[in-house]
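Please read the structure below before turning to the comments.
Number of protein chains: 4
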Amino acid sequence: MEKKKQIIECAMKLLIKNGPQAAPMSAISKEAGVGMGTIYNYFVTKEDLINQIYVFIKSDQVKNIQHPLSHLPIKHQFDIYYESLIQYFVDNPLYFQYLDQFHNAPVLTEKTRKHGNKSMSFINDLLICGQEQGLIKPIGVKEMIQFLNGGLMSFVRWIHYKNIQLNRMLITNQLQIAWDAVKINV
Amino acid sequence: MEKKKQIIECAMKLLIKNGPQAAPMSAISKEAGVGMGTIYNYFVTKEDLINQIYVFIKSDQVKNIQHPLSHLPIKHQFDIYYESLIQYFVDNPLYFQYLDQFHNAPVLTEKTRKHGNKSMSFINDLLICGQEQGLIKPIGVKEMIQFLNGGLMSFVRWIHYKNIQLNRMLITNQLQIAWDAVKINV
Amino acid sequence: MEKKKQIIECAMKLLIKNGPQAAPMSAISKEAGVGMGTIYNYFVTKEDLINQIYVFIKSDQVKNIQHPLSHLPIKHQFDIYYESLIQYFVDNPLYFQYLDQFHNAPVLTEKTRKHGNKSMSFINDLLICGQEQGLIKPIGVKEMIQFLNGGLMSFVRWIHYKNIQLNRMLITNQLQIAWDAVKINV
Amino acid sequence: MEKKKQIIECAMKLLIKNGPQAAPMSAISKEAGVGMGTIYNYFVTKEDLINQIYVFIKSDQVKNIQHPLSHLPIKHQFDIYYESLIQYFVDNPLYFQYLDQFHNAPVLTEKTRKHGNKSMSFINDLLICGQEQGLIKPIGVKEMIQFLNGGLMSFVRWIHYKNIQLNRMLITNQLQIAWDAVKINV
DNA sequence: AATGAATGAGACTTCATTCAT
DNA sequence: GATGAATGAAGTCTCATTCAT
Chain A
3 MEKKKQIIEC AMKLLIKNGP QAAPMSAISK EAGVGMGTIY NYFVTKEDLI NQIYVFIKSD
63 QVKNIQHPLS HLPIKHQFDI YYESLIQYFV DNPLYFQYLD QFHNAPVLTE KTRKHGNKSM
123 SFINDLLICG QEQGLIKPIG VKEMIQFLNG GLMSFVRWIH YKNIQLNRML ITNQLQIAWD
183 AVKINV
Chain B
3 MEKKKQIIEC AMKLLIKNGP QAAPMSAISK EAGVGMGTIY NYFVTKEDLI NQIYVFIKSD
63 QVKNIQHPLS HLPIKHQFDI YYESLIQYFV DNPLYFQYLD QFHNAPVLTE KTRKHGNKSM
123 SFINDLLICG QEQGLIKPIG VKEMIQFLNG GLMSFVRWIH YKNIQLNRML ITNQLQIAWD
183 AVKINV
Chain C
3 MEKKKQIIEC AMKLLIKNGP QAAPMSAISK EAGVGMGTIY NYFVTKEDLI NQIYVFIKSD
63 QVKNIQHPLS HLPIKHQFDI YYESLIQYFV DNPLYFQYLD QFHNAPVLTE KTRKHGNKSM
123 SFINDLLICG QEQGLIKPIG VKEMIQFLNG GLMSFVRWIH YKNIQLNRML ITNQLQIAWD
183 AVKINV
Chain D
3 MEKKKQIIEC AMKLLIKNGP QAAPMSAISK EAGVGMGTIY NYFVTKEDLI NQIYVFIKSD
63 QVKNIQHPLS HLPIKHQFDI YYESLIQYFV DNPLYFQYLD QFHNAPVLTE KTRKHGNKSM
123 SFINDLLICG QEQGLIKPIG VKEMIQFLNG GLMSFVRWIH YKNIQLNRML ITNQLQIAWD
183 AVKINV
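Chains as they are written, first to last, in our numbering: chain A, 3 to 188; chain B, 3 to 188; chain C, 3 to 188; chain D, 3 to 188.
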């Protein structure tokens, strides 16, 4: 499976850098140091490759995000989870950019997208729990998640794009902004 | 310039629907009811076309967003501006989807991106003004704008994607979330 | 007829510089400062234009080459004619290059080629006359003309290509070479 | 390399017959019995193909022209070399026509032209040697080579164009003309 | 007579995919 | 399983020519 991993990593790099229409399979095979045919042993088509990369990243993300224990205070859980998400995407620029670029692409199949949504379940449950405790705004959880996620991704994009060094203050501020957005204001 | 407008509108539609690699110039010319060569009279390359469409939308956006008078209370200005932004993108699904799909695409040139950033100047000034009045969090304005914008776009995407009818409550809630995110909490 | 002349001169320039496949009619019209349609008022097609330029040059050549009086000694006539030919092609680089580049092109019609051959009649007669006087080799006149013409054109090409300044010695040498080639050696 | 050879031969044929602008790559691939993409595995662009064909012919020419031993009398060497050149171009009409048609075309790169000039070195040395022996005119060798080459090519062109059968007399006459042109006349 | 925007056939070139080795 | 030369459909773009003004 060594080759498959190589292909995924190199394909990812080229797809991000040049865009899908400017990342030919031949270039990917060259970058990965394998024959063109080898790619087709692991991926049925180029679209399949693009989809599998997406799934690969999403799986890695789920594996590496901290899902705090549920007995902790909501705010505490929120901070741990949210910070680990920021940290993950800042630490893995390629993964971030890939998700950011292909999230809305028509190439992604419904199945792939479904798989991607799994990563949302924790924050979904957390917000609901928070509402029950009277901490979180009593409005549609979906709307809030959309907003938070969009805001987060946009922040990380800014970090990468401007080549900014992530530090404690930036994180603290983001946690504050995000929490204030959804918490009930007294 | 009748033809140019036609081409822009039709190209936009196809580029969104199929993605850039699946929207051949021949299809665009057919959809626009002009000869293929005509497109190339107005746009040097396909990439130029994609860039010019982006600029076109951004210009239209700036023209159509309400920029409230600066003597009004900050919160009031914020609400007016932010609501008109939501309304604009909900009312113009094509424009929204186009921006959403191409915002990060490598085809966009630096110049195009620069042009796009002009639309940010109002909210930038507004937040600074709010900070001076002790209403807005004393943290980097850029970070807050990124967050707000990302959240907003993500919300509108959800509206369109799930085919939800925008109503007063949804707007009110978004304004609340957005404002809470950046205001100073007592 | 001012415009027609302009078109011919400018078309010639571009056709030589870029080759026929890289000299679009649009570029020619621009260079000539006339509308595209205007070209088509004077020339039925691009091929017609190329042919007419050829004929134009050939006519100019015949008009400007010295045809010495027939009572002069053969050698004298030969020198006068040959030198004036060299001089003409050195003085008119564009005309030379055009003939040189299109002489064998399949675009030239039989009629155009016929017209071009008229310029050969003088040297043809001269060589025959020389043969009768026992001065010129008693071999096919056509072969000798081919050789002389090819040699001459090749010499002029060298002059232009290497950017050499034509001087008396170069001319004298060429006359010598050319004459020695066809004269009877004792 | 079987395919590359096929492509070269077939492309040559079509380029001569129709001219470069009327010999589409699709027609060449069809004639050569290969896929269009195959051509582009060996030749970067159509221009590259045209250049490589030129180089191919020039190499073949050098390989097949007799370069007589240097201890032979100059005149003898001259005759052997010159006759073998005539014979080569008469025996290989396609090669001749190709060189004749593209020798001055703007598509040929400087590098290609350089390569082509290698074939001149033998005659260059021979004439210099002849000058040292007091046999050849003491004028610029380059000029004489230009003249001889131009004359030769022009003669062969005539042979092909008029469909004349080459025979001993025609050759003898050409050798005479050529030699007389450059030798010192007593 | 002059113009030049519009046309669309057709050119060059790319690249996802196959398959014989 | 690995390879990469070969394929050819399909894409982008050009440009000779027309025609309404």
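Every residue gets a Cβ at the ideal spot worked out from N, C-alpha and C, and that includes glycine.
Quiz item: Using DSSP with H/G/I as helix, E/B as strand and the rest coil, what is K185 of chain A?
Solution: K185 of chain A falls in the strand class under three-state DSSP.
Going by DSSP, what residues sit across from I138 of chain B in a beta bridge? DSSP lists B:K185 as partners of I138 of chain B.
Worksheet entry | Between the CA atoms of I30 of chain B and I125 of chain A - distance to the nearest angstrom | Cα-Cα distance, rounded: 42 Å.
Does any residue of chain D have a CB that is nearer than 9 Å to the CB of K19 of chain C?
So yes, K19 of chain C belongs to the interface.
Quiz prompt | Cβ shell of L17 of chain B (< 6 Å), same chain only, five flanking positions each side left out | solution = If we look at L17 of chain B and ignore the five residues flanking it on each side, its Cβ neighbours are A25.
Does DSSP put P95 of chain C in a helix, a strand or coil? DSSP, read as helix, strand or coil, puts P95 of chain C in helix.
Among A:Y90, A:N106, A:Y84, A:Q23, the one whose alpha carbon lies nearest that of D189 of chain A:
A question about residue 189 of chain A goes unanswered here, because the residues of chain A that appear run from 3 up to 188.
- Item | Test: F45 of chain A CB closer than 9 Å to a CB of chain B | Contact with chain B is absent for F45 of chain A, since none of that chain's Cβ atoms lies less than 9 Å from the residue's Cβ.
> Three-state secondary structure (DSSP) at G39 of chain B?
Replying inline: Residue state, collapsed to three classes: helix.
Could you tell me the distance, in whole angstroms, from the CA atom of P70 of chain D to the CA atom of F157 of chain C? Taking the straight line joining both Cα atoms gives about 26 Å.
(Q) I'd like to know whether the C-beta of N151 of chain C is nearer than 9 Å to at least one C-beta of chain D. (A) With a threshold of 9 Å between beta carbons, N151 of chain C makes contact with chain D.
Determine the closest residue to G152 of chain B out of B:Y84, B:I41, B:Y56, B:F45, with distance taken between C-alpha atoms.
Minimum Cα distance to G152 of chain B is reached at B:Y84.
### Message
Which complete alpha helix (DSSP H) runs does the stretch 80–128 of chain C hold, if anything under 4 residues is left out?
### Response
Within the stretch 80–128 of chain C, the complete alpha helix (DSSP H) segments of 4 residues or longer fall at 95–104, 112–119, listed in chain order.
**Asked** From this set, A:I76, A:S121, A:Y42, which residue's C-alpha is nearest Q135 of chain A's C-alpha?
**Response** The option with the nearest alpha carbon to Q135 of chain A is A:I76.
inquiry  = Does any residue of chain A have a CB that is nearer than 9 Å to the CB of G132 of chain B?
reply    = Taking 9 Å as the CB threshold, G132 of chain B stays off the interface with chain A.
Any contact between the stretch 117–133 of chain D and the stretch 141–150 of chain C? By contact I mean 3 or more CB pairs, one from each, below 8 Å. Touching, no.
| Cβ-based neighbour list, I173 of chain D, same chain, cut-off 7 Å, excluding 5 preceding and 5 following | E85, I88, listed in sequence order.
>> Beta carbons nearer than 8 Å to chain C: which residues of the stretch 103–120 of chain D have them?
In response: For the stretch 103–120 of chain D, residues whose beta-carbon sits nearer than 8 Å to a beta-carbon of chain C comprise Q103, N106, A107, P108, V109.
Review point. Can you name, in chain order, every residue of its own chain whose Cβ lies under 8 Å from the Cβ of V36 of chain B, other than the five neighbours on each side?
Key: Same-chain partners within the cutoff: K5, Q8, I9.
* Asked: Is I66 of chain C helix, strand or coil when you go by DSSP?
  -> Residue identity differs from the one stated: residue 66 of chain C is Asn in this sequence, not Ile. Note: N66 of chain C maps to helix in three-state DSSP.
Checklist entry - DSSP on F45 of chain B, reduced to helix/strand/coil? => result Assigned with DSSP and collapsed to three states, F45 of chain B falls in coil, not helix or strand.
Discussion item. Give me, in chain order, the residues of the same chain whose beta-carbon lies closer than 7 Å to that of T114 of chain B; leave out the 5 immediate sequence neighbours on both sides.
Written reply: So the qualifying residues of the chain are N53, Y56, V57.
ask   = Of all the options D:E145, D:D81, D:I41, which has the alpha carbon lying nearest to the alpha carbon of K238 of chain C?
value = Examination of residue 238 of chain C is not possible in this model, given that chain C is present from 3 through 188 alone.
Short of 8 Å in beta carbon distance, which residues of its chain neighbour H100 of chain D, apart from the five on each side in sequence? Order them along the chain. In the sequence as presented, His is not what sits at residue 100 of chain D; that position holds Tyr. So the list reads M14, L17, I18, I55, Y56, I59, once near-sequence residues are dropped.
Residue environment, K139 of chain C, which counts as buried when at least 16 other CB atoms sit within 10 Å
Label assigned to K139 of chain C: buried.
Exercise for review: State yes or no: is the C-beta of R159 of chain C within less than 9 Å of the C-beta of F98 of chain C?
Suggested key: Their beta carbons are under 9 Å apart, which means R159 of chain C touches F98 of chain C by this criterion.
*Excluding the five sequence neighbours on either side, which residues of its own chain have a C-beta within less than 7 Å of the C-beta of D102 of chain D, listed in chain order?*
For D102 of chain D, where only same-chain residues beyond five positions count, the Cβ hits under 7 Å are M155, R159.
Please determine, among B:E33, B:I179, B:I186, B:K32, the residue with the shortest C-alpha to C-alpha distance to I141 of chain A. In terms of Cα proximity to I141 of chain A, the closest of B:E33, B:I179, B:I186, B:K32 is B:I179.
**Request:** For A183 of chain A, return the contacting residues in chain B, with the cut-off set at a CB-CB distance below 8 Å.
**Result:** Within chain B, the residues G153, I179, A180, D182, A183 have their CB atoms less than 8 Å from the CB of A183 of chain A, given in chain order.
Where F45 of chain B and M27 of chain B are concerned, what is the direct C-alpha to C-alpha distance, given to the nearest angstrom? When rounded, the distance between both Cα atoms is 11 Å.
Q: Consult DSSP for H73 of chain B and reduce its assignment to one of helix, strand or coil.
A: Secondary structure at H73 of chain B: coil, using DSSP grouped into helix, strand and coil.
| CB-CB length for V92 of chain B against L168 of chain B, believed under 8 Å | That belief holds up - the Cβ atoms of V92 of chain B and L168 of chain B are roughly 5 Å apart, short of 8 Å.
Under 8 Å Cβ-Cβ, which residues of chain C neighbour M146 of chain D?
Residues of chain C whose Cβ lies closer than 8 Å to the Cβ of M146 of chain D are, in chain order, I179.
key: Own chain, CB closer than 8 Å to L128 of chain C, minus 5 neighbours either side, in chain order   = For L128 of chain C, where only same-chain residues beyond five positions count, the Cβ hits under 8 Å are I76, Q79, F80, Y83.
### Query
Under three-state DSSP, which class holds Q23 of chain B?
Note: Q23 of chain B maps to helix in three-state DSSP.
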